[in-house]
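Please read the structure below before turning to the comments.
Numbering (the working numbering), first residue to last: 24 to 116.
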């Protein structure tokens with residue numbers, strides 16, 4: 024694995040985890056968090072699966088990441104982190 028593969032795998036793995044946390048937090052039965060519409064939760068779940076699959080594919084060496092892919096994975100990870108912080112901030116008041 025190259026350093027670019029590491030960046031892409033770690034960023035997409037982090038994005039997958041945080042997107043999944045946000046999708047779960049927005050479920051109606053998670054009363055302490057604000058409820059999110061079903062399509063938002065489904066979209067977050069699907070993107071989480073895609074990012075997780077990409078992270079695994081790069082991490083096991085079946086695929087080499089390009090600079091563009093590493094940049095996109097990093098941007099998605101940063102956006103997912105900011106969105107998760109936003110939900111946490113709404114929860115904490």
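Quick reminder that beta carbons are idealized off the backbone N, C-alpha and C, glycines included. All values derive from a computational prediction rather than experimental measurement.
Taking a contact to mean a Cβ-Cβ separation below 8 Å, would you say residue i touches residue j in this structure?
i, j, result
"residue 99", "residue 31", "no"
"residue 42", "residue 71", "yes"
"residue 78", "residue 36", "yes"
"residue 50", "residue 64", "yes"
"residue 40", "residue 97", "no"
"residue 44", "residue 90", "no"
"residue 74", "residue 38", "yes"
"residue 24", "residue 61", "no"
Quick one: what's got a C-beta closer than 6 Å to residue i's C-beta in the same chain, skipping five residues either side?
i, result
"residue 68", "46"
"residue 58", "51"
So, with DSSP's three-state summary, where would you put residue i?
i, result
"residue 77", "helix"
"residue 59", "coil"
"residue 84", "coil"
"residue 44", "helix"
"residue 49", "coil"
"residue 91", "helix"
"residue 102", "helix"
Identify, in the order they occur along the chain, each residue of the same chain with its Cβ nearer than 8 Å to the Cβ of residue i, setting aside the five sequence neighbours on each side.
i, result
"residue 113", "56, 57"
"residue 110", "45, 48, 49, 56, 57"
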